[in-house]
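Residue numbers (the working numbering): 1 to 453.
Every residue gets a Cβ at the ideal spot worked out from N, C-alpha and C, and that includes glycine.
Source: prediction; values computed, not measured.
One structure is given below, encoded as structure tokens.
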């Protein structure tokens, strides 16, 4: 005699098994194929980054049909399907589900309010996310790195220290020139005596700041002591500054954090040339997203920046370029073409604000519940996760810590060249003023000599 609880459990198992056995019933499945070559590689995992969403779900749907003991009948569509405002009917795969030409959409769709009325979503199968990928710009792109090695307090103390040293040395030098005993020392020395001129003292201190030395020095013991400690202190500051500036020139900035920052930056944008990317960019209504499309993706009078994933990622590698792409596709190419150091500092910004896509069936389909059960079983047993790991590529890890060699660009040295340019302009201005003043005094002297006494 079989115990009652065992009999009850067997009956439940038999009932569930019977419900999920479709006895070879033909299920019509509609797929979206954006790359015809994908039809040759639906099972072999080759070029998995191309049409990854279809390759993953083709395998999962086959497993689902085996679980349900159902036959398959496939149709292919070029698009996911968008509503015709005149007829109210959908094109593509969504249209097949709406018109009853397909029982199941084999390619997942994003949730949109208008589609909820015509189809039922049954399971999330694909970790598909579309975002802008870009390399974080260097720190020098957003700020003057030559002021960053010290904080504001240290800079203030440095300026005060230099000013105090200049005043002290100037006072000492003035005293030295008034004392006759230093004239004898000057005759026996091969080094010039520092003159009691404020400009000479300032140049003396600039030589100490830049660790270049000077051709003149104070002669008194007090002057030499302050000179030694001035050079020693400035040497430590110079060493600290130099070490920090090297690290800062290799650092990246976190200033671009959202779409508005991306819009206002000088980074160029590109978008993967795929059907749904065209749809979401061209129909964007939110002000910032619309401005991104109109100003950076498809400016008036220019060719829209839609391109292949390979071309876009190559531009990302060159820097100052953000590419909107399905993350798995982008990271697959990045893993193949980027150097180790270039994989560090990769950033993402979301443009299409949607949750991951779901498989869908006809509205009120009799197969909806059993398909849900089948997809849940694949998720629970790890079948779905196994296929995801084999087809989808995760963000590459940064193993070098960003310690790659990179040449310093013009933008990194912009502040240095700007300082040089300002100095040259100021020197030229003073030179012109000196010429004018000199000619004025020469003319005045000639007129004085011509005037009879």
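Going straight from the alpha carbon of residue i to that of residue j, what length do you get?
i: residue 38; j: residue 284; result: 29 Å
i: residue 245; j: residue 139; result: 11 Å
i: residue 179; j: residue 172; result: 11 Å
i: residue 156; j: residue 232; result: 19 Å
i: residue 380; j: residue 374; result: 10 Å
i: residue 163; j: residue 413; result: 27 Å
i: residue 55; j: residue 378; result: 16 Å
i: residue 13; j: residue 21; result: Here residue 13 scores only 39 on pLDDT, less than 50, and its place in the model should not be relied on; the value that follows carries that caveat. The straight-line gap from Cα to Cα measures roughly 12 Å.
i: residue 325; j: residue 308; result: 9 Å
i: residue 415; j: residue 143; result: 10 Å
i: residue 376; j: residue 298; result: 42 Å
i: residue 158; j: residue 418; result: 22 Å
Do you know whose CA, among the options, lies nearest residue i's CA?
i: residue 135; options: 316, 216 and 301; result: 316
i: residue 137; options: 210, 76, 196 and 347; result: 347
i: residue 353; options: 431, 129 and 133; result: 129
i: residue 397; options: 256, 25 and 338; result: 338
i: residue 29; options: 373, 75 and 359; result: 75
i: residue 310; options: 318, 298 and 212; result: 318
i: residue 154; options: 294, 117, 365 and 234; result: 234
i: residue 44; options: 391, 428, 443 and 423; result: 391
i: residue 133; options: 361, 267 and 217; result: 267
i: residue 456; options: 167, 278 and 207; result: This structure leaves residue 456 out entirely; the chain is present only between 1 and 453.
i: residue 334; options: 261, 395 and 428; result: 395
i: residue 288; options: 274, 27 and 262; result: 262
Say yes only if the C-beta of residue i is nearer than 7 Å to one or more non-hydrogen atoms of the ligand HEM, and no if none qualify.
i: residue 89; result: This structure simply doesn't include the ligand HEM, nor any ligand for that matter.
Can you give me the start and stop residues for the beta strand (DSSP E) that residue i sits inside?
i: residue 120; result: 119–124
i: residue 29; result: 26–32
i: residue 41; result: Premise fails: residue 41 is in no beta strand (DSSP E) and is neither H nor E.
i: residue 325; result: 321–326
i: residue 421; result: No beta strand (DSSP E) holds residue 421; the alpha helix (DSSP H) holding it covers 414–450.
i: residue 95; result: Where residue 95 is concerned, there is no enclosing beta strand (DSSP E), although the alpha helix (DSSP H) it sits in stretches over 92–99.
i: residue 268; result: 268–272
Is residue i near residue j, with beta carbons less than 8 Å apart?
i: residue 57; j: residue 107; result: yes
i: residue 124; j: residue 356; result: yes
i: residue 321; j: residue 270; result: yes
i: residue 204; j: residue 256; result: no
i: residue 149; j: residue 60; result: no
i: residue 41; j: residue 328; result: no
i: residue 23; j: residue 69; result: yes
i: residue 259; j: residue 351; result: yes
Would you give the residue range spanned by the alpha helix (DSSP H) that residue i belongs to?
i: residue 76; result: Taken as a continuous stretch (DSSP letters only), residue 76 belongs to no alpha helix (DSSP H), being part of the beta strand (DSSP E) at 71–77.
i: residue 286; result: It is not in any alpha helix (DSSP H) - residue 286 carries neither H nor E in the DSSP assignment.
i: residue 462; result: Nothing can be reported for residue 462, as the shown portion of the chain is limited to 1 through 453.
i: residue 237; result: 221–249
Inset, instruction - Quick one: which unbroken alpha helix (DSSP H) runs of 4-plus residues sit fully inside the stretch 132–206? Chain order, please. - result: 152–178 and 181–187
Legend entry - Entirely enclosed beta strand (DSSP E) segments - the stretch 329–374, minimum 3 residues: 346–350 and 358–362
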